[in-house]
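Right, one structure below, let's go through it.
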Amino acid sequence: MNEVTVVREGWLLKRGEYIKTWRPRYFILKTDGSFIGYKEKPEVSSDHNLPPLNDFSVAECQIMKTERPKSNTFVIRCLQWTSVIERTFHVESNEEREEWMRSIQAVANSLKSQQQDEEPMVIKYGSPSDSSGAEDMEVAVSKVRTKVVSNAQ
1 MNEVTVVREG WLLKRGEYIK TWRPRYFILK TDGSFIGYKE KPEVSSDHNL PPLNDFSVAE
61 CQIMKTERPK SNTFVIRCLQ WTSVIERTFH VESNEEREEW MRSIQAVANS LKSQQQDEEP
121 MVIKYGSPSD SSGAEDMEVA VSKVRTKVVS NAQ
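Structure (structure tokens):
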């Protein structure tokens with residue numbers, strides 16, 4: 001396996017998910033896709049004494065640029081377990097935003113190509129009416145939840 005290295009690091013303003021204020025965070029993007037945010041800059045990139053405030057992966061994420069709620073903003077949208085999460089970041093200039101977005105996209109693309117190299121594609125032949133291989137199919141069953149409203153006074 002390749003050694004994990006730092007791709008990019010620096011200060012970003014991160015918007016809170018619940019309380020929508022902008023907070024300065026020092027982020028470190030690594031080749032394994034980890035995107036780690038700290039309240040203060042760690043003395044050394046590998047300093048694990050500081051607990052990260054944010055730690056998520058940019059693998060299989062979407063990166064979008066926006067001018068709202070502030071100019072020079074970008075959003076990272078990722079699937080984390082079963083939930084789609086969005087993280088909103090702001091930088092001082094359009095150039096800095098482009099550099100961060102390029103770096104994040106490059107790491108995501110690299111991870112995607114590594115994954116494709118490691119997982120050979122399995123091709124099955126047959127027709128939709130062919131029942132062979134039906135046991136391989138996943139069936140999604142949704143449960144209906146009813147909401148009971150009481151009009152008792």
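Under UniProt numbering, the sequence shown has 45 at position 45, and the numbering climbs by one with no breaks.
Think of the CB as a built atom: it goes at the ideal place given N, C-alpha and C, for glycine as much as any other residue.
{"Item": "Separation of Thr88 from Gly16, as counted between CA atoms", "Value": "8 Å"}
{"Item": "Which listed residue (Arg25, Asp32, Asn54 and Phe56) has its alpha carbon closest to that of Lys41", "Value": "Arg25"}
{"Item": "Residue nearest to Glu3 in terms of C-alpha spacing, selected from Thr21, Glu9, Asp32 and Ala106", "Value": "Asp32"}
{"Item": "Limits of the unbroken beta strand (DSSP E) element including Leu79", "Value": "Thr73 to Gln80"}
{"Item": "Member of Pro51, His90, Ile104 and Trp81 whose CA lies at the smallest distance from the CA of Arg68", "Value": "His90"}
{"Item": "Ser113 - DSSP class collapsed to helix/strand/coil", "Value": "helix"}
{"Item": "For Glu86, the residue or residues it bridges with in DSSP", "Value": "Arg77"}
{"Item": "Identity of the residues DSSP links to Asp55 by a beta bridge", "Value": "Ile36"}
{"Item": "Bounding residues of the beta strand (DSSP E) (the contiguous stretch that carries Gly10)", "Value": "Val6 to Arg15"}
{"Item": "Val84 classed as buried or exposed, judged by whether at least 16 other C-beta atoms fall within 10 angstroms", "Value": "exposed"}
{"Item": "As assigned by DSSP and simplified to three states, the class of Ile63", "Value": "strand"}
{"Item": "Pairwise C-alpha distance: Phe56 and Glu95", "Value": "24 Å"}
{"Item": "Leu29 - partner residues in DSSP beta bridges", "Value": "Arg8 and Phe35"}
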